[in-house]
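Mapped onto the working numbering, the consecutive letters of the sequence shown carry residue numbers 10 to 225.
Virtual Cβ for every residue (Gly too), placed ideally from N, Cα, C.
What you are looking at is a predicted structure, and each value in this text was computed from that prediction instead of being measured.
Data block below; observations after.
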Amino acid sequence: MGSDYERIISDAQPFYKQLTANNTKDWWTQNRATYDDQLKPAALALLDDMITPLSELTDAPIKTKLFRPHRDVRFSKDKTPYKPHLHMMWQIESGAPQNPIFFFGVGADYVTAGAGMMGFEKAMITNWREMLDLDTDRMLAILTGLETAGFAFREPALKRVPPPYDKGHAAASFLRMKAVVASRPVTPDTPLNQILTDTFTNLWPLNNLLISIAEA
Numbered sequence: 010m011g012s013d014y015e016r017i018i019s020d021a022q023p024f025y026k027q028l029t030a031n032n033t034k035d036w037w038t039q040n041r042a043t044y045d046d047q048l049k050p051a052a053l054a055l056l057d058d059m060i061t062p063l064s065e066l067t068d069a070p071i072k073t074k075l076f077r078p079h080r081d082v083r084f085s086k087d088k089t090p091y092k093p094h095l096h097m098m099w100q101i102e103s104g105a106p107q108n109p110i111f112f113f114g115v116g117a118d119y120v121t122a123g124a125g126m127m128g129f130e131k132a133m134i135t136n137w138r139e140m141l142d143l144d145t146d147r148m149l150a151i152l153t154g155l156e157t158a159g160f161a162f163r164e165p166a167l168k169r170v171p172p173p174y175d176k177g178h179a180a181a182s183f184l185r186m187k188a189v190v191a192s193r194p195v196t197p198d199t200p201l202n203q204i205l206t207d208t209f210t211n212l213w214p215l216n217n218l219l220i221s222i223a224e225a
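Rendered as structure tokens:
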């Protein structure tokens with residue numbers, strides 16, 4: 010089944026380079042067959058092929074999603090109609106109040122894979138901060154371990170450490186987060202499903218941690 014998606018990166022990147030330079034309805038209409046006949050089927054095959062290894066890794070059902078190519082421009086300053094990337098995700102259906110995801114994305118100039126929660130719900134923000142304060146050493150070992158393995162976290166949403174926590178807290182940068190997402194570039198030097206399985210296995214301690222915090 011891997012042959013269905015092994016060209017997804019080499020097919021997607023030139024397509025999205027052209028789209029970035031010609032992000033119009035006319036260009037999309039003239040070129041959408043590449044998306045419909047090559048990129049979308051490959052993405053769906055990859056999504057499906059990763060369900061079993063991720064379900065075995067997490068011991069939970071997995072829900073997949075391929076993000077649609079059209080942008081919602083209603084509340085955006087950027088009015089270009091199409092997303093210049095191909096993004097997909099696998100959500101862990103753990104039964105927790107909020108569930109983390111694994112994701113994979115290809116853009117004109119990047120290929121990346123990662124995991125986490127894109128945005129904390131209110132209860133999750135509270136739990137996240139409390140657990141960072143109560144179990145600082147264990148959580149930092151997991152989070153900084155990912156950084157050592159080459160993963161980067163998205164910048165914190167807050168400029169300051171929220172009260173009542175001290176600005177010099179050992180986990181200050183993580184206390185400033187209202188979401189936690191770690192990712193690293195993907196180099197397609199082995200079969201893509203194996204690359205993603207290895208990457209997501211490395212990221213599982215983060216998602217497992219997030220599930221336990223959501224359940225607290």
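Here A122 is not near F129, since their CB atoms are 8 Å or more apart. S85 sits in coil when the DSSP states are folded into three classes, being neither helix nor strand.
Ranking G104, D46, N40 and D146 by CA distance to the CA of H178 puts D146 first.
Taken through DSSP and simplified to helix, strand or coil, A150 comes out as helix. Under a 10 Å Cβ-count criterion, S192 is classified as buried, with 16 or more other Cβ atoms of the shown protein chains found around its own Cβ. Assignment of beta strand (DSSP E) within the region 104–171, counting only whole runs of 3 or more residues, yields 110–116 and 119–126 in chain order.
With fewer than 16 other CB atoms across the displayed protein chains lying within 10 angstroms of its CB, P23 is exposed. Rounded to whole angstroms, the Cβ separation of L215 and A124 is 6 Å, and the two are in contact under 8 Å.
Out of E224, Q27, T210 and L219, the CA that lies nearest to the CA of G116 is found in Q27. A Cβ-Cβ separation of about 19 Å leaves A188 out of contact with M97 under the 8 Å criterion. Secondary structure note for T206: its alpha helix (DSSP H) is the uninterrupted segment L201 to E224. Beyond the five residues adjoining it in sequence on each side, I71 comes within less than 6 Å, by CB distance, of I60, L63, S64 and W99 in the same chain, given in chain order. Where A191 is concerned, there is no enclosing alpha helix (DSSP H), although the beta strand (DSSP E) around it starts and stops at V189 to P194. Annotation: T43 to D198 spans about 24 Å, alpha carbon to alpha carbon. Three or more beta-carbon pairs separated by less than 8 Å link the region 206–220 to the region 100–111, which places the two stretches in contact. For I18, same chain residues with a beta-carbon under 6 Å away, outside a window of 5 residues either side, are V115, V120 and P197 in chain order.
Going by DSSP, K72 is part of the beta strand (DSSP E) stretching over I71 to L75.
Taking 8 Å as the upper bound for CB-CB distance, M133 and A223 are in contact here, some 6 Å apart. By the criterion of a C-beta distance shorter than 8 Å, A52 is surrounded in its chain by Y14, I17, L75, L95 and M97, once the five residues flanking it on both sides are discounted. At the C-beta level, V170 and L152 stay beyond 8 Å of one another.
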